[in-house]
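Visitor: To start, I am sharing the structure in question, which I have written as structure tokens.
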Amino acid sequence: MHDRKEPRLRPPRGGGALPHLAIEHVTPVVDDGRFAPKRIVGELLEVGADIFKDGHDLLRARVRYRGPRDTDWRYTPLAWDKNADRWHGAFELDAIGRWTFTVEGWTDAFGTWRGKLEKKVNAGQDVAVELLEAVEMVRAAVKATRAGDSRRKLDAYATLLADDANAQRTKVQAALAPELLALMEAHHPPDDLATYDRELPLWVDRERAGFAAWYELFPRSAAPDGRHGTFADAERLLPRVAELGFDVVYLPPIHPIGRTFRKGKNNTLDPEPGDVGSPWAIGGAEGGHDAVHPELGTVADFERFVRRANELGLEIALDYALQCAPDHPWVKEHPDWFHIRPDGTIAYAENPPKKYQDIYPINFWCDDRENLWNACRDVLLFWVDRGVKTFRVDNPHTKPFAFWEWAIREVQSRHPDVLFLSEAFTRPKKLLHLAKLGFSQSYGYFTWKNAKWEIEQWLDEFLAPEVTQYHRGNFFANTPDILHEFLVHGGRPAFRLRLLLAATLSPLYGIYSGYELSENVPVRPGSEEYLNSEKYELRPRDYTARGNLDEDIRRLNTIRRAERALQRQDNLTFHFAETPEILFYRRAGVGGSADILGVVNLDPHHAQHGLVHVPVDAMGIGPDEPYQVHDLLTGARYTWRGVRNYVRLDPALQPGHLLRVVPLSRRDREGWP
């Protein structure tokens, strides 16, 4: 792989690509270049293309690319895979932000000529005319080369080849010299340089876009004595969150909460005087989206909270919910920004049979759209200036696609390190379109996928190569809105196995506080709402309570950071387990790292056992070769052989295995433990 500036190549005579040199199917690409594939800084971008022309001439090709800090193009060569009849190359992504690349191809005139010369010389034919052709090509290269060592060498070759005093044998030796070939590859200008018909976009994110463990907490519940918590109280929880190995602390809205139609405990319409209301009913007399709830503290207190998190290696993600309580300043100042009903009232949010009288949706297509959109963008920029680099976006699928594409680009053009998590619990096509528009990550349907066939079928769809180009799934095991019946009926074993799945099926996962305590009481049978939901009241917790999952969480997050195979989303494959309740999958090693095998008992009530079929061929292990598997969860080691191997998992003891595969030959050779 090369990373260098090359001399500008002459465009084809007459302009435009010659029709007999075709460049097709350039990858990676999303929707023919309409949207940008996503990558992580430091990765290699692998580029492929079909390049061909009529006849039998040799071709050469390269990628032309430019990063966000580049003022000029950079180049890297493409190599031809004869078996696939396809060209491949790669270059390193050394900066976050927007990149552009395309592919160029041309006839390798000198290489083609050189091949013909070799054949004629080997056949004993006269090559006087061929050597005259060489003089013309080398002189053309001299003219295209700046003064320096390369030009002097090329000029010397041209002089030697043109001098009639030199024997033909001497000229042939010079013409076939490897040094001349290298010089001509670098400096001979082609006459038919062709460029792919478009420049393709690419977006490069920082590491947290692709690998992170999230923890959601309500600062207002952080006080240990039951009073309304503050940012200072929440700050005291941060060391524990960091020690458990989380990377991101996500806060629900921290803004003033409206009083008009404020909801009471368990979403009642009749609040008591001390009820705190829903944080998603944003806005009151104290301010709107750029203000802080006064009982939490001040903006300065929030900034101090962010700094403390950063000191602990954490970053703060803030909820971005574009909706307003009836008391929000925008309602008084810009009533036209909302949906006005025929009777003159402003429409509140509804999801029948649910009613949210405390929330007014925004009319993004109102006549004053430009000022509205700018105000929404400025809210993001306000919090970015106060240390927030990640936003969890509430229900983006209910707002215009055009707005998100515009707003994300507006923010990232100024701050390319800002990330956006889409909470789009919606149909797959809408969810994926939001990812194309620029969302860095997306909530998925993980909480609703519990049976083996559900998990495999769903992930097969979202792990398709064309989807992983732009979509990254963040697997939340629970949220304040979602308590799945699997957790309700499965108890602590269900929480353990779902945690294991979330943390190992995706490099991005999260939990909402209380998960580690196996909180699982619904407001009523069959409901996904929590009883005494923290959305409507304070929920101080004793995180040291007996039976907590802290050790599971700590161990999993430590393993995730140590094993590169768990840090990618495009290396997951499912494999056959003869027992229906056992899920078996492989996370392929990355860059020489070990393969990881996951074996999980999906039945939280009963022990399950049976044979799993290990993909030994894919891992480079012979069909009868023994190999060691090291359970990273328990420390146990087992020697397996071949494809079919036995497992037994009791959910009361251990929900699954997370097996690091060590071929015995490799262990002996490299000193593996």
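For what it's worth, UniProt numbering labels the leading residue of the sequence shown as 1, then goes sequentially. Every residue gets a Cβ at the ideal spot worked out from N, C-alpha and C, and that includes glycine.
1. Using only CA atoms, which one of 263, 217, 434, 452 lies nearest to residue 497?
2. Based on the DSSP secondary-structure assignment, which residues constitute the bridge partners of residue 38?
3. Would DSSP call residue 692 helix, strand or coil?
4. Skipping 5 residues on each side, what residues in its chain have a beta carbon closer than 8 Å to that of residue 15?
5. Can you give the beta carbon distance from residue 565 to residue 590, rounded, assuming they're within the 8 Å contact cut?
6. Have a look at residue 644 and residue 31 and give me their C-alpha separation to the nearest angstrom.
7. Quick one: grab the DSSP three-state call for residue 7.
8. Suppose the cutoff is 6 Å on Cβ atoms and the five residues either side in sequence are ignored; what does the same chain contact list for residue 295 look like?
9. Within 7 Å: the Cβ of residue 339 and any heavy atom of the ligand HEM?
10. Is the separation between the beta-carbon of residue 105 and that of residue 58 shorter than 8 Å?
11. Pick from 62, 334, 170, 395: whose alpha carbon is nearest that of residue 102?
12. Hey, out of 320, 237, 286, whose CA is closest to residue 377's CA?
13. Would you report the Cα separation of residue 624 and residue 618, rounded to the nearest angstrom?
14. Under DSSP, the beta strand (DSSP E) around residue 422 begins and ends at which residues?
15. Taking the beta carbon of residue 20 as the centre, do at least 16 other beta carbons fall within 10 Å, making it buried, or is it exposed?
16. Give the DSSP-derived three-state secondary structure of residue 443 in the structure shown.
17. Quick one, are the C-beta atoms of residue 360 and residue 338 less than 8 Å apart?
18. Who are the near neighbours of residue 172 in its chain, counting only those whose CB is closer than 8 Å to its CB and skipping five residues on each side?
19. Reducing DSSP to helix, strand and coil, say where residue 383 ends up.
20. Excluding five sequence neighbours on each side, which residues of the same chain lie with their C-beta closer than 7 Å to the C-beta of residue 395?
21. How would you write the range of the alpha helix (DSSP H) that residue 693 sits in, first residue to last?
22. Could you work out which residue in 627, 661, 547, 541 is closest to residue 598 when comparing CA atoms only?
23. Going by C-alpha to C-alpha distance, which of 197, 201, 235, 242 sits closest to residue 213?
24. Have a look at 653, 664, 124, 580 and flag the residue whose alpha-carbon is nearest the alpha-carbon of residue 450.
25. Applying the criterion that 16 or more other CB atoms from any shown protein chain within 10 Å of the CB defines a buried residue, is residue 269 buried or exposed?
26. State the DSSP-derived secondary structure class of residue 448, mapped to helix, strand or coil.
27. Fully enclosed by the region 103-134, which alpha helix (DSSP H) runs are 4 residues long or longer?
28. Please specify which runs of the alpha helix (DSSP H), each continuous and at least 4 residues long, are wholly inside the region 326-387, giving them in chain order.
29. Quick check on residue 248: does DSSP put it in helix, strand or coil?
30. Do residue 560 and residue 503 have their C-beta atoms closer together than 8 Å?
31. Can you check whether the CB of residue 523 is closer than 8 Å to the CB of residue 351?
32. Mark residue 646 as exposed unless 16 or more other C-beta atoms lie within 10 angstroms of its C-beta, in which case mark it buried.
33. Where does residue 268 sit, in a helix, a strand or coil, going by DSSP?
34. Going by C-alpha distance, which of 282, 23, 397, 514 is nearest residue 540?
35. Below 8 Å, how does it come out for the region 406-421 and the region 374-388: are there three or more Cβ pairs, yes or no?
36. When the Cα atoms are used, what is the spatial distance from residue 232 to residue 529?
Guide: Answer, in terms of the structure:
1. 452
2. 203
3. Given a span of 1 to 673 for the chain in the structure shown, any question on residue 692 remains unanswerable.
4. For residue 15, the predicted structure reports a pLDDT of 48, less than 50, and the residue's modelled location is therefore unreliable. A value from the coordinates is still provided. Same-chain partners within the cutoff: there are none.
5. The Cβ separation is near 6 Å, so the contact holds.
6. Here the C-alpha atom of residue 644 lies approximately 41 Å from the C-alpha atom of residue 31.
7. Note that residue 7 has pLDDT 49, beneath the 50 cutoff, so the model's placement of it is unreliable and the number below is only indicative. If DSSP states are grouped into helix, strand and coil, residue 7 belongs with coil.
8. 228
9. The ligand HEM is not among the ligands present in this structure, which contains no ligands whatsoever.
10. no
11. Nearest of 62, 334, 170, 395 to residue 102, Cα basis: 62.
12. 320
13. 14 Å
14. From DSSP, the beta strand (DSSP E) with residue 422 extends over 419-423.
15. exposed
16. The answer is strand: DSSP assigns residue 443 an E or B state.
17. yes
18. Same-chain partners within the cutoff: 117, 121, 127, 131.
19. helix
20. 423
21. Since the first and last residues shown for the chain are 1 and 673, residue 693 lies out of range.
22. Proximity to residue 598 across 627, 661, 547, 541 peaks at 661, based on C-alpha coordinates.
23. The residue with the shortest Cα to Cα distance from residue 213 is 242.
24. 580
25. exposed
26. helix
27. 109-122
28. 329-333, 369-384
29. strand
30. yes
31. No.
32. exposed
33. coil
34. 514
35. yes
36. 29 Å
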